[in-house]
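A short worksheet on the structure shown next.
Number of protein chains: 2
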Amino acid sequence: MRSVEDLVRLFRERGYKVTPQRRLIFELLAGDRSHPTAEEIYQRVRAVMPEVSRTTVYNTLRELITLGELRPVENLSEGGTRYDTNTTHHHHLFCVQCHALIDIDREFEGIELPPEEAAGFRLVNYQVTFYGYCPDCQRADGGRPSQGKE
Amino acid sequence: MRSVEDLVRLFRERGYKVTPQRRLIFELLAGDRSHPTAEEIYQRVRAVMPEVSRTTVYNTLRELITLGELRPVENLSEGGTRYDTNTTHHHHLFCVQCHALIDIDREFEGIELPPEEAAGFRLVNYQVTFYGYCPDCQRADGGRPSQGKE
DNA sequence: TTTTAGTTTATAATGATTACAGATTAGTAA
DNA sequence: TTACTAATCTGTAATCATTATAAACTAAAA
Numbered sequence: 045m046r047s048v049e050d051l052v053r054l055f056r057e058r059g060y061k062v063t064p065q066r067r068l069i070f071e072l073l074a075g076d077r078s079h080p081t082a083e084e085i086y087q088r089v090r091a092v093m094p095e096v097s098r099t100t101v102y103n104t105l106r107e108l109i110t111l112g113e114l115r116p117v118e119n120l121s122e123g124g125t126r127y128d129t130n131t132t133h134h135h136h137l138f139c140v141q142c143h144a145l146i147d148i149d150r151e152f153e154g155i156e157l158p159p160e161e162a163a164g165f166r167l168v169n170y171q172v173t174f175y176g177y178c179p180d181c182q183r184a185d186g187g188r189p190s191q192g193k194e
Numbered sequence: 045m046r047s048v049e050d051l052v053r054l055f056r057e058r059g060y061k062v063t064p065q066r067r068l069i070f071e072l073l074a075g076d077r078s079h080p081t082a083e084e085i086y087q088r089v090r091a092v093m094p095e096v097s098r099t100t101v102y103n104t105l106r107e108l109i110t111l112g113e114l115r116p117v118e119n120l121s122e123g124g125t126r127y128d129t130n131t132t133h134h135h136h137l138f139c140v141q142c143h144a145l146i147d148i149d150r151e152f153e154g155i156e157l158p159p160e161e162a163a164g165f166r167l168v169n170y171q172v173t174f175y176g177y178c179p180d181c182q183r184a185d186g187g188r189p190s191q192g193k194e
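Chains C and D are the protein sequences, given in the same order. One gets our numbering by counting positions in the first sequence from 1 and adding 44 to each. One gets our numbering by counting positions in the second sequence from 1 and adding 44 to each.
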């Protein structure tokens with residue numbers, strides 16, 4: 045995702061207006077690496093502009109996705125879709141206990157699917173997700189799951 | 045996922061009763077490789093036993109998941125969670141157009157995350173998803189993406 | 001400043017899933 | 001086989017994330 049000023053420019057170029065609500069959402073997302081949900085973004089927005097509606101947050105997220113500046117992450121936890129401000133090809137490291145999600149920005153060799161395994165697919169991309177216990181959760185209880193109601 | 049008779053045995057062992065509804069769901073899932081949604085399973089059930097309720101389908105799916113005989117797949121399409129009868133470690137090949145989902149049962153070398161990249165995580169698993177166009181969708185429109193490029 | 005098309009808000013609607021309550025039944029023991 | 005009872009089933013209501021709608025509002029161009 046680009047800088048706030050680049051996003052402002054991009055929106056204007058595409059005929060979208062730049063409202064205070066949208067600008068605030070840009071500011072909150074521009075430096076974010078936490079992969080927040082719509083609800084989390086909404087709460088952060090409300091802390092600054094209490095009158096903003098959920099609909100506006102959802103609409104702005106959808107617009108950013110349409111423009112390629114934001115990506116929904118495949119559902120890794122309850123509580124709704126998480127959004128990724130890193131729109132380049134990358135991978136994920138996920139804590140199965142606290143649901144922390146960290147970007148892995150390097151490439152992996154040896155992840156090719158030979159034609160006989162590709163079932164005739166024309167491949168365009170791949171994505172690796174690593175599952176484990178983050179340092180905090182390892183300290184908290186020896187790395188055993190405890191948050192979920194299992 | 046085990047055979048129907050093994051599932052029946054497992055349910056009885058654990059104190060779950062084996063009803064005609066559950067047995068039918070076992071039969072429909074036991075040989076399935078299509079990663080169906082709850083709704084799809086419900087429709088297949090209804091084709092045989094029209095009076096079965098959605099709730100029963102959801103409940104049985106939840107029980108199978110609890111017993112480790114079924115796994116929810118990270119959301120790869122609209123229309124709700126898909127369920128995977130393959131509960132072993134494996135990977136996925138996903139058609140971004142028609143949402144076909146195929147299991148890749150082999151292992152990949154070279155997918156290790158060195159400690160300095162693992163952010164202190166204790167890793168327990170990883171999962172690769174390949175994205176592409178399946179043979180049918182390539183034929184249908186030359187395999188061109190209909191929206192964004194990758 | 002005026003204009004107007006795009007935006008915002010509040011609320012209703014939707015779709016997937018879960019909770020609930022009363023009716024039914026699988027499995028067991030007599 | 002019958003009776004018993006806890007588990008299960010069905011239908012409906014509730015919940016949660018998200019989208020649709022419509023009237024009020026406003027950014028940005030004229």
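Built from N, CA and C at the ideal position, the CB exists for glycine as well.
DSSP three-state assignment for residue i, whether helix, strand or coil
i: Thr100 (chain D); result: helix
i: Phe55 (chain C); result: helix
i: Val48 (chain C); result: helix
i: Tyr158 (chain D); result: Inspection of the sequence shows that residue 158 (chain D) is occupied by Pro rather than by Tyr. Coil.
i: Ala184 (chain C); result: helix
i: Leu105 (chain D); result: helix
Beta carbon proximity, residue i to chain C, threshold 8 Å
i: Glu122 (chain D); result: no
i: Arg106 (chain D); result: no
i: Arg46 (chain D); result: no
Chain C contact residues for residue i, given Cβ-Cβ distances below 8 Å
i: Asn169 (chain D); result: Phe174, Tyr175 and Gly176
i: Glu153 (chain D); result: Gly154
Interface residues of chain D facing residue i [CB-CB closer than 8 Å]
i: Ala163 (chain C); result: Leu137, Ile146, Cys178 and Pro179
i: Arg166 (chain C); result: Gly176, Tyr177, Gln182 and Gly187
i: Leu157 (chain C); result: Leu137, Ile148 and Phe174
Minimum Cβ-Cβ distance from residue i to chain D less than 8 Å
i: Leu114 (chain C); result: no
i: Leu51 (chain C); result: no
i: Arg150 (chain C); result: yes
Residue i - containing alpha helix (DSSP H), residue span
i: Tyr86 (chain D); result: Ala82 to Val92
i: Arg115 (chain D); result: Run containing Arg115 (chain D): none in the alpha helix (DSSP H); it sits in the beta strand (DSSP E), Arg115 to Val117.
First and last residue of the uninterrupted beta strand (DSSP E) at residue i
i: Ile146 (chain C); result: Leu145 to Ile148
i: Phe70 (chain D); result: Per DSSP, Phe70 (chain D) belongs to no beta strand (DSSP E); it is in the alpha helix (DSSP H), Pro64 to Ala74.
i: Thr173 (chain C); result: Arg166 to Tyr177
i: Cys139 (chain C); result: His135 to Cys139
i: Tyr127 (chain D); result: Arg126 to Asp128
Buried/exposed call for residue i, threshold 16 Cβ in 10 Å
i: Val92 (chain D); result: exposed
i: Gly176 (chain C); result: buried
i: Gly187 (chain C); result: At Gly187 (chain C) the pLDDT is 42, less than 50, meaning the model places this residue with poor confidence and gives no usable figure here.
i: Pro189 (chain C); result: Confidence at Pro189 (chain C) is low in this model, with a pLDDT of 45, below 50, so its placement is unreliable and the value that follows should be read with caution. Counting Cβ neighbours within 10 Å, Pro189 (chain C) comes out exposed, since fewer than 16 surround it.
i: Val168 (chain D); result: exposed
i: Cys178 (chain C); result: buried
i: Arg58 (chain D); result: exposed
i: Thr104 (chain D); result: buried
i: His149 (chain C); result: Residue identity check: residue 149 (chain C) is Asp in the sequence provided, not His. Exposed, since its Cβ has fewer than 16 Cβ neighbours within 10 Å.
i: Gly192 (chain C); result: Residue confidence is low: Gly192 (chain C) scores 36 on pLDDT, short of 50, so the model does not pin down where it sits. No coordinate-derived value is stated.
i: Glu194 (chain D); result: Reliability fails at Glu194 (chain D), whose pLDDT of 26 lies under 50, so the model's placement of it is uncertain and no value is given.
i: Cys142 (chain D); result: exposed
i: Glu151 (chain C); result: exposed
i: Glu160 (chain C); result: exposed
Contacts that residue i makes with chain D (C-beta to C-beta distance below 7 Å)
i: Asn119 (chain C); result: Glu118 and Asn119
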